[in-house]
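Colleague:
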Amino acid sequence: MTIGVGERVVEQLHGDGAGAGAVGRPAPMSEQEAMFRNTMEAAQVGIFVLQDQRFVYVNPFFLRLFGYEESELIGRLGPLDLVVPEQHPYVIEQMQLRAAGVSGHSYELTVIRKDGSHFPATILGAPSTFEGRPASVGTILDISAQKAAEQRIRELADYDVLTGLPNRRLLRERFTQLLAVAEREESEIAVIFLDLDHFKRVNDSLGHSVGDELLCEVARRLDGVVRRIDTLARLGGDEFIFAMPGFHTAAAAEVARRLLDVFARPFEVAGHELTVTPSLGISVYPSDGKDLEALLRNADTAMYRAKEVGRNAFQFYSSEMNTTTLDRLLMESNLRRALVQKEFVLHYQPLVNLENGLIVGVEALIRWLHPELGVIMPDRFIHVAEETGLINPIGDWVLCEACRQAQAWCDAGLPPITMAVNVAPVQFRQAGFVEVVAGALATSGLEANRLELELTERTVMHDADINLGTLSALHRMGVELSLDDFGTGYSSLAYLKRFPVGKLKIDRSFVNDLETDPDDWTIASTIVSMGRSLRMTVLAEGVEKPEQLALLRKMGCDMAQGYHFSRPTSADGMADMLRDQPFMNR
Ligand code: C2E
Ligand code: MG
Ligand code: MG
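What follows is the structure in structure tokens.
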């Protein structure tokens, strides 16, 4: 039988004339009443009667559904007590319509059990009367199972089963929304196409289940890089897509760099340590495409170009970006390679004692021997290395190589010299820098006082207190310290006295016009006398002319370096100079 929800049923339910709370009270029942009572009790759907926004009847199924005792509900609570607050306005509206005699249609609500838990339900109500006054009768069905099934279906349709990441369908859906916003706000969206290099090898050599696990691990790491508003999707295979709203070119490059970093550590999968690298292609809306398909196609093209330049790299689709902004960025991925493929070399420039003309030290200066571009000078790549943190491994290499070379000259019987090595601010501040220096000395066998670290004023003055610790530790080891490019920073004398620095190197810019510019002369001679009063050695950089040298000698400058003596030269050239001592006052 169908459950009638109308006046007749309600009247018959309460045919004994009892009011609210009458259900269940033992009373003589007619056969018909008993039948209705049994029907209500057996019904596998919640049935309720409302009057004045209170429950005046609910069936046992309703009570079980919500976990209430009848006495707690009848005449005490109303629908608003069982519905989440956000939906109260809607419920009130529905109750008013029923009270006004308007028939209802079914609607969904989130309802609350007595224990506070929620579940989704469908409600169907109809106007009625109760004890001669307007009321409404309704049914309620728990639709949790149905909702869960719907959710699961949606997940299967929208998410990649292996990694749980959004799939192409969901990516497309989300991208439609991103496009709408980007169009309105005239903002950009970056699309990054990431493909693992040689992923097939993993599958072929270790089997598909290892390959699958690796993909999940990769997905997990990548997911840690994106912002909440970004979408990371898996297109299938080893292809991942990032859709990142509000990203301009430089920012996209920054993310691409972080994505490459994600792969720096090997992945531990099924007892294997797997090293994989990705290749990335980047396209940017609106310049590289107006819809997802075009952007994906172009990001894919760029990704293949990244594979061509040597994998573990990224490329922009727009060739313009690749040459201008990318000049720098390209260099960065090249820099990584350069380190691995040993494309760096050190050249050496003599540091000359002005009293006797003896070469008492050399400065190690890095050069990059690029296979296609030839020699690249440090001014062009050191700042990229600093910005990207690559300066740490590069700087570590410089330290080791310079120490090794100094000891090799010593072993070859050449006159003892001090090896001066430039240290970038980032490198100096990296944790464990002192240990790196100690390691370079220990490995090479070079005595600590044969090594001199060149720091700029800015490096030292930044977080002066912290740096003082590092400087003191190096000083205690016996390593010499000098202040490079002196005069261009903002060192105060009071500060300088606190640091165990033994040498000041007057910046080239003051030496350049020393013989013509009186200001430069004043600055240079002030540095010389200041250094003297602090018992520091003063060296002039960039000495190109004999006139400059003569002035510096007159000021009492201790040492000099510059093209006047020699340009930086290879280790072999430097060895010859050390042997010949061409600048000695004979
Ligand atoms: P710097 O430490 O001030 O090194 C001196 C620079 O002046 C060198 O340029 C040298 O070739 C140049 N120079 C020497 N004498 C003369 C001269 O008479 N006239 C002129 N015009 N220039 C002269 P370079 O080798 O190009 O290095 C530039 C800068 O790059 C260095 O300046 C230093 O700050 C940095 N650098 C070089 N090698 C390294 C390194 O291994 N690590 C770090 N962190 N920085 C380095
Ligand atoms: Mg230097
Ligand atoms: Mg310098």
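Position one of the sequence shown corresponds to residue 447 (the working numbering), numbered consecutively onward. We treat Cβ as the ideally placed atom computed from N, Cα and C, and that holds for glycine. Just so you know, these numbers come straight off a predicted model, no measurement behind them.
Between the alpha carbons of A740 and E789, how many angstroms are there, rounded?
Modeller: Going by the C-alpha atoms only, they are around 38 Å apart.
Colleague: Do you know how far the Cα of L998 is from the Cα of A986?
Modeller: Going by the C-alpha atoms only, they are around 8 Å apart.
Colleague: Which term fits R630, buried or exposed, when burial requires 16 or more other beta carbons within 10 angstroms of its beta carbon?
Modeller: Exposed, because fewer than 16 other Cβ atoms sit within 10 Å of the Cβ of R630.
Colleague: Assuming contact is defined by CB atoms lying nearer than 7 Å, are G891 and E926 in contact in what I supplied?
Modeller: Not in contact: G891 and E926 (Cβ atoms no closer than 7 Å).
Colleague: Between which two residues does the alpha helix (DSSP H) containing P506 stretch?
Modeller: It spans 506-512 - the alpha helix (DSSP H) in which P506 sits, taken as one unbroken run.
Colleague: Please determine, among P535, Q873, L526, the residue with the shortest C-alpha to C-alpha distance to I558.
Modeller: Among P535, Q873, L526, the Cα nearest to that of I558 is on L526.
Colleague: Could you tell me which of A594, R703, D606 sits nearest to L640, measuring between CA atoms?
Modeller: The shortest C-alpha separation from L640 is found at R703.
Colleague: How about E900 and D930: do their beta carbons lie closer than 7 Å?
Modeller: Yes, Cβ-Cβ distance for E900 and D930 is below 7 Å.
Colleague: If you check the beta carbons only, do L785 and A831 fall under 7 Å apart?
Modeller: Cβ atoms of L785 and A831: not closer than 7 Å.
Colleague: Any beta carbon of chain B sitting closer than 7 Å to that of E990?
Modeller: Of the chains in the structure shown, none is chain B; there is only one protein chain.
Colleague: So, for R978: in the same chain, excluding its five sequence neighbours on each side, which residues have a beta-carbon less than 8 Å away from its beta-carbon?
Modeller: Hits under 8 Å: V984, G1002.
Colleague: Closer than 8 Å is the cut-off here; do at least three beta carbon pairs connect the stretch 743-752 with the stretch 664-679?
Modeller: Segments in contact, no.
Colleague: Would DSSP call P573 helix, strand or coil?
Modeller: Three-state DSSP puts P573 in a strand.
Colleague: Any chance the CB of N799 is under 6 Å from a heavy atom of ligand 2?
Modeller: It does not: the Cβ of N799 is nowhere closer than 6 Å to a heavy atom of ligand 2.
Colleague: Quick check: does the Cβ of D930 come within less than 6 Å of any heavy atom belonging to ligand 2?
Modeller: Flag set: Cβ of D930 near ligand 2.
Colleague: Could you say which of Q994, D1022, K1000, A1017 lies nearest to Y1009 if we only look at CA atoms?
Modeller: Comparing Cα positions, the closest option is Q994.
Colleague: Rounding to the nearest angstrom, what Cα-Cα distance links I449 and D498 in this structure?
Modeller: Since pLDDT at I449 reaches only 35, below the 50 mark, its modelled position is unreliable, and no value is offered.
Colleague: Give the secondary structure of N613 by DSSP, where H, G and I count as helix, E and B as strand, and everything else as coil.
Modeller: In this structure, N613 counts as coil in the three-state DSSP scheme.
Colleague: If I measure Cβ to Cβ from T1015 and keep anything under 8 Å in the same chain, skipping five residues before and after, which residues do I get?
Modeller: Excluding sequence neighbours, T1015 sits near H793, Y794, Q795, M1023.
Colleague: Which parts of the stretch 835-905 are runs of the beta strand (DSSP E), unbroken and 3 residues or longer, counting only runs that do not cross its ends?
Modeller: Listed in chain order, they are 864-868, 897-902.
Colleague: Does the stretch 561-571 come close enough to the stretch 596-608 that 3 or more CB-CB pairs lie under 8 Å?
Modeller: At 8 Å Cβ cutoff, the stretches do not touch.
Colleague: Please tell me whether M1005 and V808 are closer than 7 Å, where the distance is taken between their beta carbons.
Modeller: Cβ atoms of M1005 and V808: not closer than 7 Å.
Colleague: May I ask you to verify whether the stretch 570-586 touches the stretch 544-555, counting CB pairs closer than 8 Å and requiring at least 3?
Modeller: Result yes; three or more Cβ-Cβ pairs closer than 8 Å.
Colleague: I think A689 touches V656, with their Cβ atoms under 8 Å apart; what is that distance to the nearest whole Å?
Modeller: Not confirmed; about 29 Å, so no contact.
Colleague: Per DSSP, what kind of secondary structure is F1029 in: helix, strand or coil?
Modeller: Here F1029 sits in coil by DSSP.
Colleague: Starting from E714, trace the beta strand (DSSP E) both ways and give me its first and last residue.
Modeller: Start and end: 713-715.
Colleague: I812: beta carbon under 6 Å from a heavy atom of ligand 1?
Modeller: Correct: I812 has its Cβ closer than 6 Å to ligand 1.
Colleague: Please go through the same chain and pick out, in chain order, the residues whose beta-carbon is closer than 7 Å to the beta-carbon of M1030, but skip the five residues on each side of it.
Modeller: These residues qualify, in order along the chain: N802, G803, L804.
Colleague: Per DSSP, what kind of secondary structure is S979 in: helix, strand or coil?
Modeller: If DSSP states are grouped into helix, strand and coil, S979 belongs with the helices.
Colleague: Return the CA-CA distance between F508 and I675, expressed in angstroms with no decimal places.
Modeller: Each residue's alpha carbon lies about 42 Å from the other.
Colleague: Quick check: the Cα distance between A970 and R954, rounded to an integer number of angstroms?
Modeller: In a straight line, the C-alpha of A970 is about 10 Å away from that of R954.
Colleague: Taking the straight line between their C-alpha atoms, what separation do you get for L617 and A679?
Modeller: About 6 Å.
Colleague: Mind checking whether the beta-carbon of Y1009 lies closer than 6 Å to any heavy atom of ligand 1?
Modeller: Yes - ligand 1 has a heavy atom lying nearer than 6 Å to the Cβ of Y1009.
Colleague: May I have the straight-line CA-CA distance separating P573 from I589, to the nearest angstrom?
Modeller: Computed Cα separation, rounded: 23 Å.
Colleague: Return helix, strand or coil for C662, following the three-state DSSP convention.
Modeller: Of the three classes helix, strand and coil, the one that applies to C662 here is helix, per DSSP.
Colleague: Taking C-beta to C-beta, are L726 and L660 nearer than 7 Å?
Modeller: Against a cut-off of 7 Å, the Cβ pair of L660 and L726 comes out as no contact.
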